[in-house]
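What follows is a set of notes on a single structure, which appears directly below.
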Amino acid sequence: MAEPFLPYGRQTIEDDDIAAVAAALRDDLLTTGPRVEAFEAAFAEAVGAEHAVACANGTAALHLTMLALGVREGDVCVVPSTTFLATANCVRYVGAEVVFADVDPDSGLMRPQDLSRALDQAAPRQVTAVLPVHLRGEVLDLPAIAALADSAGAVVVEDACHALGSRLLQGNAEVPVGSGRWSSASTFSFHPVKTIATGEGGMITTPDAGLAERLRRLRSHGMVRPPGADPWWYEMAEPGFNYRLPDLLCALGHSQLAKLPRFSAARQALAARYLEALTPLAPAVRPAASPEGSVATPHLMCVLIDFAALGRSRRQVMEALKDRGIGSQVHYIPVHTQPYYRARYGELDLPGAQAWYDRTLSLPLYPGMDLADVGRVVAALGEVLGL
Ligand SMILES: *Cc1c(COP(=O)(O)O)cnc(C)c1O
């Protein structure tokens, strides 16, 4: 019998997740029901945040955060080029301009020196926000990044879509991503390949009660019902969006969140097995680097491959892996090279993002895999590369 296909990532949905959704479907309120606040409260607790605001998806989370912070036309925001499109696009949604930062070619993450250079490039324009991305679930050097942003007069918004369950080591303590220790807000996604899944779904966490209130208002058309007003009455001071996460998806999210410790442990064990199994393929294949102090819940298993030296194109390698029942993907094409951003900002030279892109390949990683699957993936990779 053929072995099952291993995609690069996928959800883990179990019977109790399905039961939680079925129960929500039998209730009266499918959209704004009691499960929204219950999921938000559980999420805030899980990441050590003061406030959590659920929304339609990770992109909406970024857009709402830009709106709620008042980022607008004339403003400039710094975004690392190695990320998903949405991190940069949210800046454009509100009419602000993007300054792309370079990344470490070996980890794919923005370093303090990359941010420094981007801040210099932005000058003399005022930078409003810096959007660090915890690529692969690895936690970047937030204290240093927050200090640089602060001295430039900018706020920090963490794109934590890869990093639910990740922590940063601080002395003897581990500070969860999303706690807001070094940022105004953090955004999460529950897309099926992310650590917990609701199909579409997102969350924003923040230490700021006023920002949380503004996010809630903007998530639902900008409507407010003043206390003591007539029962039909609502007011709108600024137009918002319909970016709500329905009650029935919050039921799924809450059920999935309860499994976060198990999902994190499974991802960590699989990643550790990969590191062992990959050792004989060095130096042609190397696992991506992990920054100091990062205690990751790994989201992606990125390896760096010297395709040119091996005489094989990435496309050939991906197709040969696929023939052996193994999915792979590339995270990410540098966003500054997209036609839209090229047309807007011209040709930029970001050698770290380019070097990362040239070599990276994401191998299967999700809690439904077992440790033997890792051996199968690495054996196939060695065979395909002739190692
Ligand atoms: C998934 C992702 C997003 C967008 O999340 P959606 O829920 O798909 O809208 C944003 N940024 C990063 C880094 C992501 O991985």
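Residue numbering for the sequence shown follows my numbering, starting at 1343 and increasing by one per position. Don't be surprised by glycine CBs; every beta carbon is placed ideally from N, CA and C.
Compute every distance between the C-beta of G1724 and the non-hydrogen atoms of ligand 1, then say whether any falls below 7 Å.
no
Based on the DSSP secondary-structure assignment, which residues constitute the bridge partners of M1660?
Paired residue(s): none; M1660 is not in a bridge.
Residues of its chain near Y1683, where Cβ-Cβ distance is below 8 Å and the 5 sequence neighbours each way are ignored:
A1430, V1440, F1442 and V1677
Short of 6 Å in beta carbon distance, which residues of its chain neighbour A1695, apart from the five on each side in sequence? Order them along the chain.
S1423, T1424, D1444, V1445 and P1676
Could you have a look at A1386 and say whether DSSP puts it in helix, strand or coil?
helix
Secondary structure of L1705, DSSP reduced to three states:
strand
Under 6 Å Cβ to Cβ from A1394, same chain only, skipping five residues before and after it: list those, please.
E1382, F1385, A1386, M1545 and T1547
So does the stretch 1391–1405 actually touch the stretch 1555–1562, counting three or more Cβ pairs closer than 8 Å?
yes
Which residue spans inside the stretch 1610–1675 form an unbroken alpha helix (DSSP H) run of at least 4?
1649–1652 and 1656–1665
What do you get for R1701, buried or exposed, if any count of 16 or more other CB atoms within 10 angstroms of its CB means buried?
The residue is buried, with at least 16 neighbouring Cβ atoms inside 10 Å.
Please work out which residues of its chain come closer than 6 Å, Cβ to Cβ, to G1390, disregarding the five sequence neighbours upstream and downstream, and give them in chain order.
P1518 and S1521.
Do you know offhand how far P1466's Cα is from G1412's?
20 Å
Measuring only the C-alpha atoms, how far is P1447 from C1432?
25 Å
How big is the Cα-Cα spacing for F1347 and N1514?
Distance between the alpha carbons of F1347 and N1514: 41 Å.
Could you tell me the boundaries of the alpha helix (DSSP H) in which S1525 lies?
Careful: S1525 lies outside any alpha helix (DSSP H) and carries neither H nor E.
Runs of beta strand (DSSP E) lying entirely within the stretch 1425–1466, each at least 3 residues, in chain order
1439–1443
Check whether the stretch 1449–1463 touches the stretch 1474–1489, taking contact to mean three or more Cβ pairs, one atom from each stretch, closer than 8 Å.
Yes, they touch.
Would you check if the distance between the CB atom of V1627 and the CB atom of L1617 is smaller than 8 Å?
no
Option in M1578, V1418 and L1612 with minimal Cα separation from D1715:
L1612
Tell me the rounded alpha-carbon separation between V1475 and Q1455.
15 Å
Provide the residue span of the beta strand (DSSP E) that contains P1422, from first to last.
V1418 to P1422
Would you check if the distance between the CB atom of T1537 and the CB atom of F1426 is smaller than 8 Å?
Against a cut-off of 8 Å, the Cβ pair of F1426 and T1537 comes out as no contact.
Can you tell me which of R1686, G1669 and E1689 puts its alpha carbon nearest to the alpha carbon of V1720?
G1669
In whole angstroms, what separates the C-alpha of A1600 from that of L1371?
Using only the alpha carbons, I get a separation of about 23 Å.
Less than 7 Å separating the Cβ of A1638 from some heavy atom of ligand 1?
no
Who does P1603 pair with in a DSSP beta bridge?
Beta-bridge pairing links P1603 to no other residue.
S1655, buried or exposed, once every other Cβ within 10 Å from all chains shown has been counted against 16
exposed
How would you label S1508, buried or exposed, when you count the other beta carbons within 10 angstroms and need 16 or more for buried?
Here S1508 is buried. Its C-beta has 16 or more other C-beta atoms within 10 Å.
Rounded to whole angstroms, what is the Cα-Cα separation between D1532 and A1685?
Per the sequence presented here, residue 1532 reads as Phe, with Asp not at that position. F1532 and A1685: Cα-Cα distance of roughly 32 Å.
Helix, strand or coil: which one does DSSP assign to M1408?
Helix.
May I ask you to list the residues that DSSP assigns as paired with I1731?
In the structure displayed, the chain extends from 1343 to 1729; residue 1731 sits before or after that span and is not available.
Please state the DSSP three-state secondary structure of P1681.
helix
Under the rule that 16 or more other beta-carbon atoms within 10 Å means buried, what is S1493, buried or exposed?
exposed
Provide the residue(s) that pair with N1584 in DSSP beta bridges, ordered along the chain.
S1562
Is V1413 helix, strand or coil by DSSP?
coil
For ligand 1, is there a heavy atom less than 7 Å away from the beta-carbon of T1537?
no
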